[in-house]
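Novice:
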Amino acid sequence: MDLQKTVLLRFVASFFLLWLEYAVGQSGESPALALVAERAGLFALRSSLGLRSRDWPRKAEPCSFWVGVRCSDGRVVGLDISGLRRTRLGRINPQFAVDGLANLTLLSSFNASGFALPGAIPDWLGQRLLSLRVLDLRSASIVGSIPASVGSLQNLTSLYLSGNALTGAVPGTLGQLESLSVLDLSRNSLTGSIPFELSGLRRLVVLNLSVNFLSGGIPPSLGTLPNLTTLILANNSLLGSIPAQLGDLSLLVELNVGFNSLSGPLPADLVGLKNLQSLDVGNNVLSGPLPENFFYSLTQLQSIMLGRNSFTGALPNAIWVLPNLQLFDVSFNNFTGTFTNLPTSVSSNVTSRLFNLSHNLFYGSLPSQFSNFRVIDLSSNYFEGRNLGVSRLNASFDENCLQDTLNQRSLNDCVSFYTSRGLNFDGFGVPAPEAIQPPPPPGKKNRNLKYILGGVFGGLAFIVILVVLVVLFLRRREREGSTDQREVQTHPVSLGSGPPPSGININFSTLGESFTYEQLVKATADFGEWNLIKHGHSGDLYRGVLENGSQIVVKRIDLRRFKKDVYMVELDLFSRASHTRLVPLLGHCLEHENEKLLVYKYMLNGDLSNALYKKNNSEEEGLQSLDWITRLKIATGAAEALSYLHHECSPSFVHRDVQASSILLDDKFEVRLGSLSEVCTQEGDSHQNVISRFLRLPQTSEQGLSGSPSASCAYDVYCLGKVLLELVTGKLGISGSNDASTNEWLEDVLPYINAYEKELVTKIVDPSLIVDEDLLEEVWAMAIVAKTCLNPRPTKRPLARYILKALENPLKVVREETTSSARLRTTSSRGSWNAAFFGSWRHSSSDIVALPGSNREGGGFKPSGGGGSQGNGPGGEMSSSHKRLSKEIFPEPAAQDIERPDED
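Counting from 3, one number per residue, gives the positions in the sequence shown under my numbering.
#1: From the DSSP output, read off the bridge partner residues of F67.
#2: Would you mind working out which of V255, P291 and T301 sits nearest D282, comparing C-alpha positions?
#3: Quick one: using the 10 Å Cβ neighbour count with 16 as the cut-off for buried, is Y519 buried or exposed?
#4: Among A643, I636 and S422, which has the Cα closest to the Cα of P586?
#5: From the DSSP output, in three-state form, read off Q553 for me.
#6: Rounded to whole angstroms, what is the Cα-Cα separation between L324 and L292?
#7: Count the other C-beta atoms from every protein chain shown that fall within 10 angstroms of the C-beta of D669, then say buried if there are 16 or more, exposed otherwise.
#8: Count the other CB atoms, across all protein chains shown, that sit within 10 Å of the CB of Q97; report buried if there are 16 or more and exposed otherwise.
#9: Roughly how many whole angstroms lie between the Cα atoms of I559 and S652?
#10: Below 8 Å, how does it come out for the segment 177-188 and the segment 199-218: are there three or more Cβ pairs, yes or no?
#11: Measure the Cβ-Cβ separation of G80 and S55 and say whether it is below 8 Å.
#12: Look up L235 in the DSSP assignment and say whether it is helix, strand or coil.
#13: What did DSSP end up calling N210 once you bin it into helix, strand or coil?
#14: For A640 versus V673, is the C-beta spacing smaller than 8 Å?
#15: With DSSP collapsed to three states, give me the class of I196.
#16: Can you list, in chain order, the residues of its chain with a C-beta nearer than 7 Å to that of R803? Leave out the 5 residues immediately preceding and following it.
#17: What are the residues that DSSP puts in a beta bridge with E597?
#18: For Q178, tell me which candidate among Q156, D718 and S381 has the shortest Cα-Cα distance.
#19: Quick one: Cα of L408 to Cα of D428, how far?
#20: Determine the burial state of A62: buried for a count of at least 16 other Cβ atoms within 10 Å of its Cβ, exposed for fewer.
#21: Would you tell me roughly how many angstroms separate the C-alpha atoms of S263 and W58, rounded to the nearest one?
#22: Which one or two residues does DSSP pair with F337 in a beta bridge?
#23: Taking C-alpha atoms, which residue in S243, S280 and G274 lies nearest to S265?
#24: Determine the closest residue to A662 out of F655, I736, V773 and V730, with distance taken between C-alpha atoms.
#25: At what residues does the beta strand (DSSP E) containing M307 begin and finish?
#26: Just reading off the beta strand (DSSP E) that K733 is part of, what are its end residues?
#27: Whole beta strand (DSSP E) runs in the segment 110-166 with 3 or more residues, listed along the chain?
#28: Where do the ends of the alpha helix (DSSP H) carrying N358 lie?
#29: Identify the continuous alpha helix (DSSP H) that holds S418 and give its terminal residues.
#30: Could you name the residues of the same chain whose beta carbon sits closer than 6 Å to that of Y615, not counting the 5 residues immediately before and after it, in chain order?
#31: If contact is defined by three or more beta carbon pairs under 8 Å, each pair taking one atom from either stretch, is the segment 81-100 in contact with the segment 121-136?
#32: With H, G and I counted as helix, E and B as strand and the rest as coil, what does DSSP make of D528?
#33: In or out: L200 buried (at least 16 other Cβ within 10 Å) or exposed?
#34: Mind reading off the beta-carbon distance from F564 to S580? Whole number of angstroms is fine, and I expect it under 8 Å.
#35: Counting along the chain, where does the alpha helix (DSSP H) carrying Y569 start and finish?
#36: Kindly indicate the opening and closing residues of the alpha helix (DSSP H) around L813.
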């Protein structure tokens with residue numbers, strides 16, 4: 003009887019399994035693997051890649067239950083391991099170990115993007131996976147060269163190898179992939195020329211070879227690819243001219259050949275690119291005028307980048323009426339001419355545009371249409387006349403010849419420019435000097451001289467008396483022992499060239515690799531101009547690649563041009579400080595007497611000044627602005643770097659050059675603080691500083707007595723405040739400038755930041771930011787933190803560690819803490835932080851003087867109060883310079899609402 007029951011149960015179970023497999027097949031799910039070899043291949047991959055059982059369970063059917071495995075008729079046709087995680091053992095020794103793929107003979111798609119596969123692409127991959135259609139290995143840590151055998155994958159339609167460390171030449175065999183539509187080899191270290199064989203890719207739609215070290219010219223044969231819509235060859239070392247044959251690519255939407263060494267004129271044949279939306283030829287050595295009527299045919303253009311070339315002549319009027327144009331950059335050229343004949347239609351379609359016309363030779367009066375631009379940079383030209391109401395919030399006018407505008411060229415410069423062109427200069431609208439100051443009558447000459455001498459000697463006597471009083475005051479303070487104390491009592495470092503000075507011990511073995519001069523010459527192509535990143539204030543920066551494929555930045559310091567101790571400052575810093583927020587120092591070369599080389603890791607996203615707005619490589623948009631989450635991440639990283647230097651180093655370090663260009667960003671937009679040549683230890687109190695405070699000397703310039711940046715942590719905090727404001731408003735260049743126009747811009751903007759009026763901050767927020775209600779509160783919080791960092795009194799600025807806490811928890815700044823009756827529902831640790839944070843502000847908010855001009859008319863706002871007192875600024879704040887804002891920056895919580903640090 004038991005035997006019959008057993009047989010019956012087995013029959014039912016077998017029937018149920020057969021029915022289940024049939025049902026699964028009918029529902030469209032993958033059936034069981036048909037071949038033992040493919041099952042063995044998958045299990046081999048599971049082992050070699052160290053995949054977790056959670057994703058690929060050993061006892062489950064791969065086609066039905068393994069993540070990323072796609073089957074058809076019992077055969078594996080797709081494999082996606084992107085996003086999967088390794089086991090702990092798998093993470094210890096990751097490799098490009100994919101031998102199991104050889105068993106998957108019908109595999110058509112393999113996606114390992116973002117999955118670390120350190121190692122070289124195996125040569126057999128192009129010989130065994132002949133059914134492969136999509137190979138995606140983006141950002142997979144791959145090294146070595148591209149195997150020539152990849153050209154045998156005749157069914158391949160998409161090949162993505164970007165974001166790795168591939169070296170060597172682009173194999174010409176890729177031209178055999180007749181079905182290929184996407185070829186992306188960008189962000190590697192490939193060398194050699196672009197193979198002409200790529201012209202055989204007749205179905206190619208996207209070709210991206212940017213950010214490599216490719217040399218030679220652009221093959222004219224690329225103009226024969228009939229389906230090409232995207233051609234990106236930027237950031238290489240390409241020479242020669244732009245081939246006129248590229249004008250035959252009638253379907254081309256994006257052409258980017260910027261950051262190369264291309265020369266010659268812009269070919270007139272490019273007018274054939276009727277569908278072109280993005281044109282980037284910036285940062286080359288192109289010359290000559292723009293072709294006549296060049297832009298009349300290119301009506302689809304959204305982004306035009308012509309900056310940093312040697313173009314001449316006038317700008318075509320057709321540019322101003324392009325209906326879809328968003329970004330236009332012709333900066334650092336030799337364009338000239340006036341805008342008197344600007345089309346009137348320009349005023350109807352430019353409200354969202356960003357135009358950069360800086361560093362050219364434009365002159366004449368400003369057209370009124372410029373006031374409609376969202377952002378326009380007209381600096382370093384020769385415009386004259388009046389500023390026709392163009393708001394300082396969206397325009398820059400520095401270094402022109404304008405009336406009633408700060409930071410303009412000298413009278414001699416303007417007169418010389420206009421005279422050389424046979425034109426008259428308006429003299430800044432000021433009458434001739436002889437008309438302003440007629441000579442005094444002869445009888446009054448001696449009397450005026452007496453008055454002048456009397457005033458001079460009286461002033462000198464007053465100064466002497468004042469100095470005596472100050473000295474007596476200082477001596478009294480010293481006797482009483484009541485001198486002010488800084489946060490850290492240290493003295494600046496004094497470093498010299500050659501061996502480290504006495505008292506400074508540098509262990510060079512701990513400062514990375516000791517490179518030879520020949521290694522770095524080879525890595526930077528003999529310090530070629532095409533590898534020059536910029537001329538820094540302490541040395542020239544060059545991009546390079548080592549023999550192992552590592553991308554580097556080499557700082558070349560000529561001691562005949564720079565201070566002899568400048569390189570020792572950085573080496574001394576790295577010998578005493580180590581943190582992930584500092585740009586990684588890979589090594590050095592100090593073997594030459596007059597030339598020192600420091601080697602840093604290359605930061606893929608450059609610095610904040612270049613990353614805030616970038617041209618987007620996608621086809622949907624021509625302009626990319628960093629999203630708010632990324633901006634907050636950058637702000638927090640910068641604050642963390644300063645918190646480390648100020649509070650975790652002993653003695654404390656002061657950066658002294660915090661600005662957008664010193665905030666470097668890696669491939670994940672993590673902050674790596676650079677520009678470290680100005681770093682020093684925080685200076686202690688001096689008699690001069692006490693005199694400054696006693697006499698109430700203005701300190702907004704943040705300069706030391708020698709004219710150099712102040713060696714105090716408060717100065718770093720002030721500079722960080724400008725960076726935060728730049729992230730909030732999108733106003734470029736604020737953090738790197740201390741001129742009068744910048745200070746005036748700050749005076750206009752800061753009144754819109756009020757801890758009680760969130761809506762006011764929307765008046766100054768970068769229009770390109772898309773934020774919901776919660777994100778707007780974070781923007782508001784960062785603006786409040788920025789304003790507090792910009793307190794004109796250094797002693798009232800927050801410490802860096804409190805700024806970091808505020809940026810890590812921005813909603814705590816504006817939600818619970820903004821009302822005195824709000825109870826802080828926190829743990830004791832949070833209560834301790836709140837007590838410390840607000841304790842540092844306890845008296846600071848009352849010391850912020852309302853900025854002059856905050857109640858001026860036409861500012862785009864009205865007082866929030868109904869009647870209000872006269873002179874109210876945004877949000878009803880008193881704008882009189884004799885009134886002080888009460889708790890404006892961070893409202894101080896009621897004492898009963900703050901958990902004491904010593905309470906349980």
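Even for Gly, the Cβ is constructed at its ideal location relative to N, Cα and C.
Specialist: On the basis of the data shown:
#1: Answer is none; F67 lacks a bridge partner.
#2: V255
#3: exposed
#4: A643
#5: strand
#6: 16 Å
#7: exposed
#8: exposed
#9: 28 Å
#10: yes
#11: no
#12: coil
#13: strand
#14: yes
#15: coil
#16: S645 and H649
#17: D560
#18: Q156
#19: 17 Å
#20: exposed
#21: 50 Å
#22: G315
#23: S243
#24: I736
#25: S305 to M307
#26: Element bounds for K733: n/a, residue is neither H nor E.
#27: 111-113, 136-138 and 160-162
#28: Here N358 belongs to no alpha helix (DSSP H); instead the beta strand (DSSP E) covers L356 to N358.
#29: L413 to S422
#30: S627
#31: yes
#32: coil
#33: buried
#34: Actually they are not in contact, since the Cβ atoms of F564 and S580 sit about 25 Å apart, beyond 8 Å.
#35: V568 to R578
#36: P812 to V816
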